[in-house]
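Asker: Take this structure, written in structure tokens, and hold onto it; I'll ask about it next.
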Amino acid sequence: SNRAATLVVLGASGDLTRRLLLPGIGSLLAQEPDREVRVIGADRDERPDGDFDAEVRAALTEGGAGDEAVERVAAASSYLRTDATDSASLQRLLEAAAAPAPGTDAAEHDGERRVVLYFALPPAVTAKVCSALLDVDLPAELHLAMEKPFGEDEAGARALNALVARLVPEDQVHRVDHFLGMSTVLDIIALRFANRMFQAVWTGEHVESIEIAYDEALALEGRAGYYDHAGALRDMIQSHLLQVMALVTMEPPASITDRDLRDAKAAALRATRLWGGDATTASRRARYTAGTIETADASGERSERSVPSYVDEDGVDPARGTETLAQVTLEVANSRWAGVPITLRSGKALGVTQKHVVLTFADVRHLPSGLTGPDPKDRLVIGLNPDTMELRVTTNASHDPLGLAQSVMRADMRQASLRPYGEVLGGILDGNGMLTVRGDAAEECWRICDEVLAAWAADEVPMEEYPAGSDVPEAWGAALR
Ligand code: BG6
Numbered sequence: 015s016n017r018a019a020t021l022v023v024l025g026a027s028g029d030l031t032r033r034l035l036l037p038g039i040g041s042l043l044a045q046e047p048d049r050e051v052r053v054i055g056a057d058r059d060e061r062p063d064g065d066f067d068a069e070v071r072a073a074l075t076e077g078g079a080g081d082e083a084v085e086r087v088a089a090a091s092s093y094l095r096t097d098a099t100d101s102a103s104l105q106r107l108l109e110a111a112a113a114p115a116p117g118t119d120a121a122e123h124d125g126e127r128r129v130v131l132y133f134a135l136p137p138a139v140t141a142k143v144c145s146a147l148l149d150v151d152l153p154a155e156l157h158l159a160m161e162k163p164f165g166e167d168e169a170g171a172r173a174l175n176a177l178v179a180r181l182v183p184e185d186q187v188h189r190v191d192h193f194l195g196m197s198t199v200l201d202i203i204a205l206r207f208a209n210r211m212f213q214a215v216w217t218g219e220h221v222e223s224i225e226i227a228y229d230e231a232l233a234l235e236g237r238a239g240y241y242d243h244a245g246a247l248r249d250m251i252q253s254h255l256l257q258v259m260a261l262v263t264m265e266p267p268a269s270i271t272d273r274d275l276r277d278a279k280a281a282a283l284r285a286t287r288l289w290g291g292d293a294t295t296a297s298r299r300a301r302y303t304a305g306t307i308e309t310a311d312a313s314g315e316r317s318e319r320s321v322p323s324y325v326d327e328d329g330v331d332p333a334r335g336t337e338t339l340a341q342v343t344l345e346v347a348n349s350r351w352a353g354v355p356i357t358l359r360s361g362k363a364l365g366v367t368q369k370h371v372v373l374t375f376a377d378v379r380h381l382p383s384g385l386t387g388p389d390p391k392d393r394l395v396i397g398l399n400p401d402t403m404e405l406r407v408t409t410n411a412s413h414d415p416l417g418l419a420q421s422v423m424r425a426d427m428r429q430a431s432l433r434p435y436g437e438v439l440g441g442i443l444d445g446n447g448m449l450t451v452r453g454d455a456a457e458e459c460w461r462i463c464d465e466v467l468a469a470w471a472a473d474e475v476p477m478e479e480y481p482a483g484s485d486v487p488e489a490w491g492a493a494l495r
């Protein structure tokens with residue numbers, strides 16, 4: 015239900031809060047200017063009066079919120095210096111969150127505000143905060159929102175789930191994955207379940223392979239402290255791309271509600287295993303060497319940027335052997351998908367930035383003789399960010415009525431839409447977990463990746479190299495080139 019909510023952000027002085035969370039709220043306010051939300055920032059540092067409010071104002075504006083909404087929300091927001099690993103400090107913070115906003119009367123609804131405690135913190139700190147919360151009197155309706163990564167492996171995710179379960183019921187826990195708020199990712203639901211023509215062919219009978227890729231031109235962007243411990247597999251595949259895969263492969267839910275959707279996704283993830291059951295053949299890893307990345311901005315203006323070798327980047331420890339490009343091939347071993355390879359890939363500092371879901375359809379059972387092949391593969395390409403969709407179908411060649419060619423039907427679906435964080439936060443503030451990850455699903459995603467990470471740690475899969483600005487290596491077999 016849509017009710018007034020207080021968002022308490024742990025890690026409020028961090029990069030994520032300023033760059034993503036607050037602008038996300040801003041985009042939410044652009045769509046719903048009257049939404050009642052109050053932000054309380056909490057972190058370890060002392061901040062001068064008005065400092066956090068100014069940051070809230072700027073970030074909400076950046077997110078697209080109108081002046082009136084910005085003023086209203088900023089005026090009700092505040093910052094509280096907090097040691098979130100200390101129970102007494104957390105108790106004070108949560109009491110402040112439940113109290114009426116400064117400058118307002120104790121309005122009658124204020125007593126029943128939903129409080130969302132947002133952990134913009136690394137998993138080890140998140141676990142400490144949860145332990146400290148065991149000794150705190152919690153507000154009547156407390157929701158917990160936790161940033162990725164949720165845990166650092168399957169065992170860690172299990173332990174964190176068990177701890178969180180001692181605090182609030184599972185339907186009040188939201189493991190955040192902003193890809194679930196991307197409009198093209200959400201479009202997968204309508205595309206699959208509201209179109210007879212796709213519903214019928216969305217099976218291993220007709221689909222030959224699936225690729226889910228998120229290749230970025232971005233390099234390290236000063237995030238070595240985080241990234242060098244994560245790498246491409248943990249950063250992108252363990253979280254975002256497995257969530258997308260779950261939506262692409264799940265059985266049709268009877269309703270698009272948090273319970274049905276989360277059930278359907280979890281079932282698909284439970285059925286997922288490494289292709290061939292062997293990490294050494296089902297995975298690849300690589301890291302970039304020095305090179306030049308050419309990018310184009312929105313207006314098409316091209317620019318070049320030199321990037322040092324990953325191991326020479328500031329803050330990188332070469333001994334850690336972190337990959338910047340990862341690929342894993344999976345099988346959803348159930349009657350819909352068995353035998354269909356599903357490849358997930360993501361990397362940094364690439365020259366060709368494919369961000370998409372590609373369904374490649376099987377050949378027709380019989381190509382009438384007389385038609386001269388080769389018969390191009392029919393494909394559905396769902397572009398992620400920017401939002402596009404392409405259906406590549408086989409048609410007659412223009413100059414040869416019996417020859418075959420490919421025609422492309424394309425839709426550009428880029429409309430004014432919520433930022434992914436805005437979409438996800440809107441649900442959380444409403445207490446709805448539809449666009450967040452359930453505990454069992456988070457564990458499954460780690461189970462799938464842990465096997466690969468173990469093979470990599472044992473050096474059973476070679477570390478390849480690619481020059482920054484180059485394409486994904488040819489041998490990796492990308493669906494589109
Ligand atoms: C983040 C990763 O979760 O997602 C980043 O940590 C990545 O490394 C980003 O660049 C990609 O998402 P978006 O929405 O910024 O394209």
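For what it's worth, the UniProt record's numbering labels the leading residue of the sequence shown as 15, then goes sequentially.
Note that CB positions come from ideal geometry on N, CA and C, so glycine has one too.
Using beta-carbon positions only, say whether A72 and I39 come within less than 9 angstroms of one another.
Answerer: Not in contact: A72 and I39 (Cβ atoms no closer than 9 angstroms).
Asker: Could you name the residues that DSSP lists as bridge partners for M410?
Answerer: Note that residue 410 is Asn in the sequence shown, not Met. Partner(s): L418.
Asker: Within the continuous alpha helix (DSSP H) that includes P137, where are the two ends?
Answerer: Per DSSP, P137 belongs to the alpha helix (DSSP H) from P137 to L147.
Asker: For A310, which residues from the same chain have a beta carbon less than 6 angstroms from its beta carbon, with the 5 sequence-adjacent residues on both sides left out?
Answerer: Correct list, in chain order: R316.
Asker: Quick one: residues in its chain with C-beta nearer than 8 angstroms to the C-beta of V143, no 5 flanking neighbours on either side, listed in chain order?
Answerer: Same-chain partners within the cutoff: L24, A98, T99, L104, F133 and L135.
Asker: On the CB-based measure, 16 or more other CB atoms within 10 Å of its CB, does N410 come out buried or exposed?
Answerer: Its Cβ having fewer than 16 others within 10 Å, N410 is exposed.
Asker: Which one of A176, D464 and D485 has the shortest CA to CA distance from I251?
Answerer: Nearest of A176, D464 and D485 to I251, Cα basis: D464.
Asker: Starting from D229, follow the beta strand (DSSP E) in both directions and report where the run begins and ends.
Answerer: Start and end: V221 to D229.
Asker: For T367, which of A204, P400 and I54 has the nearest alpha-carbon?
Answerer: Comparing Cα-Cα distances from T367 to each of A204, P400 and I54, the minimum goes to P400.
Asker: Hey, quick one: how far does the alpha helix (DSSP H) through P434 stretch, first residue to last?
Answerer: Per DSSP, P434 belongs to the alpha helix (DSSP H) from P434 to L443.
Asker: From A278 to D485, what distance separates their C-alpha atoms?
Answerer: Those two C-alpha atoms are separated by around 35 angstroms.
Asker: How far does the beta strand (DSSP E) with Q341 in it extend, from its first residue to its last?
Answerer: Element bounds for Q341: L339 to V346.
Asker: Any contact of the region 338-356 with the region 283-291, i.e. 3+ C-beta pairs under 8 angstroms?
Answerer: Yes, the region 338-356 is in contact with the region 283-291.
Asker: Where DSSP assigns a beta bridge to P481, which residues make up the other side?
Answerer: P481 pairs with T303.
Asker: Any idea what DSSP makes of D97, helix, strand or coil?
Answerer: In this structure, D97 counts as coil in the three-state DSSP scheme.
Asker: Should R299 be counted as a contact of the ligand BG6 given a C-beta to heavy atom distance under 8 angstroms?
Answerer: No.
Asker: Given this structure, state the Cα-to-Cα distance separating V221 from G170, to the nearest angstrom.
Answerer: Between V221 and G170, the C-alpha separation is close to 35 angstroms.
Asker: Can you tell me the Cα-Cα spacing of G77 and E235, whole angstroms?
Answerer: Rounded to the nearest angstrom, the two C-alpha atoms are 21 angstroms apart.
Asker: Measure the Cβ-Cβ separation of L373 and I270 and say whether it is below 9 angstroms.
Answerer: No, the pair does not count as a contact, with Cβ atoms beyond the cut-off.
Asker: For S431, which of E488, S197 and S145 has the nearest alpha-carbon?
Answerer: Minimum Cα distance to S431 is reached at S197.
Asker: How would you write the range of the alpha helix (DSSP H) that R287 sits in, first residue to last?
Answerer: Where R287 is concerned, there is no enclosing alpha helix (DSSP H), although the beta strand (DSSP E) it sits in stretches over T286 to L288.
Asker: T374 lies in the beta strand (DSSP E); which residues open and close that run?
Answerer: Looking at the DSSP string, the run of the beta strand (DSSP E) that includes T374 is K369 to F375.
Asker: Tell me, please, whether the region 186-197 touches the region 437-457 by the rule of three or more beta-carbon pairs shorter than 8 angstroms.
Answerer: Flag = yes, the region 186-197 and the region 437-457 touch.
Asker: Return yes when at least one heavy atom of the ligand BG6 lies under 8 angstroms from the C-beta of Y228, else no.
Answerer: Within the cutoff, so yes.
Asker: Does any heavy atom of the ligand BG6 sit closer than 8 angstroms to the C-beta of M250?
Answerer: M250 Cβ: within cutoff of the ligand BG6.
Asker: With Y132 as the anchor, note down where its beta strand (DSSP E) starts and where it stops.
Answerer: Residues R128 to F133.
Asker: Is P267 closer than 9 angstroms to F207 when the C-beta atoms are compared?
Answerer: Closer than 9 angstroms, so yes.
Asker: Per DSSP, which one or two residues make a beta bridge with G55?
Answerer: According to DSSP, G55 bridges with V23 and Y93.
Asker: Work out the CA separation of D29 and D59 for me, nearest whole Å.
Answerer: Near 14 angstroms, if we compare the C-alpha coordinates of D29 and D59.
Asker: Taking the alpha-carbon positions, what's the V475 to P481 distance?
Answerer: Cα-Cα distance, rounded: 19 angstroms.
Asker: Any chance the CB of P434 is under 8 angstroms from a heavy atom of the ligand BG6?
Answerer: Flag set: Cβ of P434 near the ligand BG6.
Asker: Would you check if there are 3 or more beta carbon pairs closer than 8 angstroms linking the region 323-330 to the region 258-266?
Answerer: Cβ pair count under 8 angstroms is below three, so no.
Asker: Any idea what DSSP makes of E308, helix, strand or coil?
Answerer: The answer is strand: DSSP assigns E308 an E or B state.
Asker: Classify L32 as helix, strand or coil using the three-state DSSP reduction.
Answerer: First, the amino acid is wrong: residue 32 is Arg here, not Leu. R32: helix per DSSP, three-state reduction.
Asker: Comparing C-alpha positions only, which one of V407, R298 and A471 sits nearest to W422?
Answerer: In the sequence on display, residue 422 carries Val and not Trp. The option with the nearest alpha carbon to V422 is V407.
Asker: For the putative contact between I54 and A111, defined by C-beta atoms under 8 angstroms, what is the C-beta separation to the nearest angstrom?
Answerer: I54 to A111, Cβ: 5 angstroms. Contact.
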